[in-house]
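Trainee: Residue numbers (the numbering used here): 304 to 619.
Would you mind keeping the following structure in view while I ask a few things?
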Amino acid sequence: MKVSIIIPTHNRLEKLRETIERLRLQSFPKENYEIVVVDDGSNPPVTFEKEFIISPKIQIVRLEGEERSAARNKGSQKAEGELLIFVDDDISTKPDFIESHWQAHQDFSKSLAVGRILLPDDSQNKPFGRFRQRLEYNGVPQTRGLVEAKNFCAAANASIKRELFLQLNGFDTTITSGEDQDFAIRHTSQGGQIVFLPEACVIHEDNALDIRGYCRRNEWGSRLMLPFYQRYPDHPHNIERKRINGLSQWGKEPFSQSIRKSIKTIIASNISVLILFKTAEILEKIAPNSSALEKIYRLLLGAHIFRGYRAIASNI
């Protein structure tokens, strides 16, 4: 077996089936790849009719609420392929997706390959969808090749040789947010390289396609980043996060910085956030392409990241 596609899932059978159906349409020979579904405590458990799991071969591995890092690790242990490709359960792929990842590992040995992640086309018809796409693609490479950033990884579209993955002990199960960045850092610290593959593209059909859902997700993610912050306090991104979102240190940091944190505290208050959401709703209707709406989006997103960070700040 050449390739194993690892898909962790929890209570999203319909989206999972759609993801698998798209993975059936690959140009890569079906006898050369398998799909490993890791059902992490779904209720009811994931089941497929017999004819659904034959071509390509589908394995179902069951866990009980062990979270995504453990799910990916267990799937990798059960996998039979020499190359592991990690995706989420709510993505769609083009027919050359597997082939693109496979070819990358012929061109770049001992690499961690990371593909492109885009939002659905119809999301770009809405102002928030356009904003989110620009935001998430800022700083992402535009061409195929080696990446300098040591933490560049998105586990929704990444691949690595199984032998190398196991040598690195897989994803760290104590890190529940930022676990893919941690894996990339450990990989590069041992001499590994990271490759970006724009041609290995997935469409991420997730459920945070409005500003409210996206803010909730980012606040939640910011809270769960605590183990990552604690492990890498000197990482440039974590230093910057602490500088702009950490507890105020009047007299120990520039006065202007303390003032900005105080202003952020006001913006992140319940009443301010409520007003900003209402303002965004109005601008989405009357001025969807305005710079004012983008500023409101950024204020809301920053406020929720700030909330999440402040909830754990005393432990950083």
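Backbone N, C-alpha and C define an ideal beta-carbon position, used for all residues, glycine too.
Does the distance from the C-beta atom of H609 to that of K567 stay below 9 Å?
Mentor: Mapped onto the sequence shown, residue 609 falls at position 306. Mapped onto the sequence shown, residue 567 falls at position 264. Note that residue 609 is Phe in the sequence shown, not His. Cβ atoms of F609 and K567: closer than 9 Å.
Trainee: Are there 16 or more other CB atoms within 10 angstroms of the CB of K377, so buried, or fewer, so exposed?
Mentor: Along the sequence shown, one-based indexing puts residue 377 at 74. It is buried - the Cβ of K377 has at least 16 other Cβ atoms within 10 Å.
Trainee: Buried or exposed: where does K564 fall if 16 or more other Cβ atoms within 10 Å of its Cβ makes it buried?
Mentor: Your numbering for residue 564 matches position 261 in the sequence shown. With 16 or more other Cβ atoms within 10 Å, it is buried.
Trainee: Using only the alpha-carbon positions, how far apart do A458 and Y440 sit?
Mentor: Reading the sequence shown from its first residue, position 155 is the one you call residue 458. Reading the sequence shown from its first residue, position 137 is the one you call residue 440. Spanning the two alpha carbons is a distance of roughly 16 Å.
Trainee: Check this for me: beta carbons of T396 and I506, under 9 Å apart or not?
Mentor: Position 93 of the sequence shown holds residue 396. Position 203 of the sequence shown holds residue 506. Cβ distance < 9 Å, so T396 and I506 count as in contact.
Trainee: In terms of residues, what are the limits of the alpha helix (DSSP H) holding H540?
Mentor: Within the sequence shown, numbered from 1, the residue matching residue 540 stands at position 237. Its alpha helix (DSSP H) spans residues P539 to N548.
Trainee: Could you check whether the stretch 430–444 touches the stretch 485–492, counting it as contact only if at least three pairs of C-beta atoms, one from each stretch, sit closer than 8 Å?
Mentor: The answer is no - the stretch 485–492 does not touch the stretch 430–444, with fewer than three Cβ pairs under 8 Å.
Trainee: Can the beta-carbon of I309 be found less than 9 Å from the beta-carbon of V349?
Mentor: Start at 1 with the first residue of the sequence shown, and residue 309 comes out as number 6. Start at 1 with the first residue of the sequence shown, and residue 349 comes out as number 46. Not in contact: I309 and V349 (Cβ atoms no closer than 9 Å).
Trainee: Ignoring anything shorter than 4 residues, give me the alpha helix (DSSP H) runs that lie fully in the stretch 407–473, in order along the chain.
Mentor: Complete alpha helix (DSSP H) runs here, min 4: 430–440 and 465–470.
Trainee: Any idea what DSSP makes of Q552, helix, strand or coil?
Mentor: Counting from one through the sequence shown, the residue named residue 552 turns up at place 249. Q552 falls in the coil class under three-state DSSP.
Trainee: For my contact list, F468 and Y600 are in at a C-beta cut-off of 8 Å; report their separation, rounded to the angstrom.
Mentor: As a working mapping, residue 468 is identified with position 165 in the sequence shown. As a working mapping, residue 600 is identified with position 297 in the sequence shown. Not a contact, Cβ separation roughly 37 Å.
Trainee: Is the stretch 417–428 in contact with the stretch 585–595, if contact means three or more CB pairs nearer than 8 Å?
Mentor: With the cut-off at 8 Å, the stretch 417–428 and the stretch 585–595 do not touch.
Trainee: Using the Cα positions of G448 and R520, report the straight-line distance between them to the nearest angstrom.
Mentor: Start at 1 with the first residue of the sequence shown, and residue 448 comes out as number 145. Start at 1 with the first residue of the sequence shown, and residue 520 comes out as number 217. Looking at the two C-alpha atoms, the distance is approximately 30 Å.
Trainee: What residues match up with K360 in a beta bridge as DSSP calls it?
Mentor: Locating residue 360 in the sequence shown gives position 57, where the first residue counts as 1. DSSP output for K360 lists E337 as bridge partner(s).
Trainee: Beta-carbon of A583 versus every beta-carbon of chain D: anything under 9 Å?
Mentor: In the displayed structure, chain D is absent; only one protein chain is listed.
Trainee: Evaluate contact between the stretch 525–535 and the stretch 569–587, counting only Cβ atoms and requiring at least three cross-stretch pairs below 8 Å.
Mentor: At 8 Å Cβ cutoff, the stretches do not touch.
Trainee: Residues bridged to H507 by DSSP?
Mentor: Along the sequence shown, read from residue 1 onward, the residue named residue 507 stands at position 204. Paired residue(s): I394.
Trainee: Compute the distance between the beta-carbons of A614 and L500, then report whether it is under 9 Å.
Mentor: In the sequence shown, the residue the question calls residue 614 occupies position 311. In the sequence shown, the residue the question calls residue 500 occupies position 197. No, Cβ-Cβ distance for A614 and L500 is not below 9 Å.
Trainee: What did DSSP end up calling L604 once you bin it into helix, strand or coil?
Mentor: The residue given as residue 604 occupies position 301 in the sequence shown. If DSSP states are grouped into helix, strand and coil, L604 belongs with the helices.
Trainee: For D342, collect the residues of the same chain with a Cβ closer than 8 Å to its Cβ; drop the 5 residues on either side in sequence, then sort them by chain order.
Mentor: In the sequence shown, the residue the question calls residue 342 occupies position 39. So the list reads T312, H313, P348, V349, I363, V364, R365 and L366, once near-sequence residues are dropped.
Trainee: Would you give the residue range spanned by the beta strand (DSSP E) that V306 belongs to?
Mentor: Residue mapping note: residue 306 aligns to position 3 of the sequence shown, counting from 1. Looking at the DSSP string, the run of the beta strand (DSSP E) that includes V306 is V306 to T312.
Trainee: For D399, name the three-state secondary structure that DSSP assigns.
Mentor: Along the sequence shown, one-based indexing puts residue 399 at 96. Note: D399 maps to coil in three-state DSSP.
Trainee: Do the CB positions of S307 and L386 come within less than 9 Å of each other?
Mentor: Translated into positions along the sequence shown, residue 307 becomes position 4. Translated into positions along the sequence shown, residue 386 becomes position 83. A contact, by the Cβ cut-off of 9 Å.
Trainee: Could you give the C-beta distance for T322 and D392, rounded to a whole number, given that I count them as a contact under 8 Å?
Mentor: In the sequence shown, counting from the first residue as 1, residue 322 sits at position 19. In the sequence shown, counting from the first residue as 1, residue 392 sits at position 89. So it is a contact: roughly 5 Å between Cβ atoms.
Trainee: Under a Cβ-count criterion, where at least 16 other Cβ atoms within 10 Å of its own Cβ denotes burial, should A571 be classed as buried or exposed?
Mentor: Counted from its first residue, the sequence shown places residue 571 at position 268. Buried: at least 16 other Cβ atoms inside 10 Å.
Trainee: Excluding the 5 residues preceding and the 5 following L550 in the sequence, name in chain order all residues of the same chain whose CB lies nearer than 6 Å to its CB.
Mentor: Locating residue 550 in the sequence shown gives position 247, where the first residue counts as 1. Closer than 6 Å at Cβ, skipping near neighbours: A616.
Trainee: My understanding is that G605 touches R526, with C-beta atoms under 8 Å, so please give their C-beta distance in whole angstroms.
Mentor: Taking the sequence shown and counting its residues from 1, one reaches residue 605 at position 302. Taking the sequence shown and counting its residues from 1, one reaches residue 526 at position 223. So it is not a contact: roughly 15 Å between Cβ atoms.
Trainee: Using a Cβ-Cβ cut-off of 8 Å (strictly less than) and excluding sequence neighbours within five positions of N618, which residues of its own chain qualify?
Mentor: To locate residue 618, count along the sequence shown from 1; it is residue 315. Only L529 and Q533 meet the Cβ criterion.
Trainee: Take D475 and list the residues in its own chain whose beta-carbon comes closer than 7 Å to its own, dropping the five residues that flank it on each side.
Mentor: In the sequence shown, the residue the question calls residue 475 occupies position 172. The residues are S372, E482 and D485.
Trainee: In whole angstroms, what is the alpha-carbon distance linking I478 and G494?
Mentor: Reading the sequence shown from its first residue, position 175 is the one you call residue 478. Reading the sequence shown from its first residue, position 191 is the one you call residue 494. Rounded to whole angstroms, I478 to G494 spans 22 Å at the Cα level.
Trainee: Quick one: Cα of I394 to Cα of A461, how far?
Mentor: Taking the sequence shown and counting its residues from 1, one reaches residue 394 at position 91. Taking the sequence shown and counting its residues from 1, one reaches residue 461 at position 158. I394 and A461: Cα-Cα distance of roughly 13 Å.
Trainee: Taking G344 as the reference, give the member of E334, R515 and G368 with the closest Cα.
Mentor: Along the sequence shown, one-based indexing puts residue 344 at 41. Ranking E334, R515 and G368 by Cα distance to G344 puts G368 first.
Trainee: If I'm right that K305 touches N335 with Cβ under 8 Å, what's the distance once you round it to whole angstroms?
Mentor: Within the sequence shown, residue 305 is the residue found at index 2, counting from 1. Within the sequence shown, residue 335 is the residue found at index 32, counting from 1. The Cβ separation is near 4 Å, so the contact holds.
Trainee: For A374, collect the residues of the same chain with a Cβ closer than 7 Å to its Cβ; drop the 5 residues on either side in sequence, then sort them by chain order.
Mentor: By 1-based counting over the sequence shown, the position of residue 374 is 71. Contacts found: P311, V341, D343 and L366.
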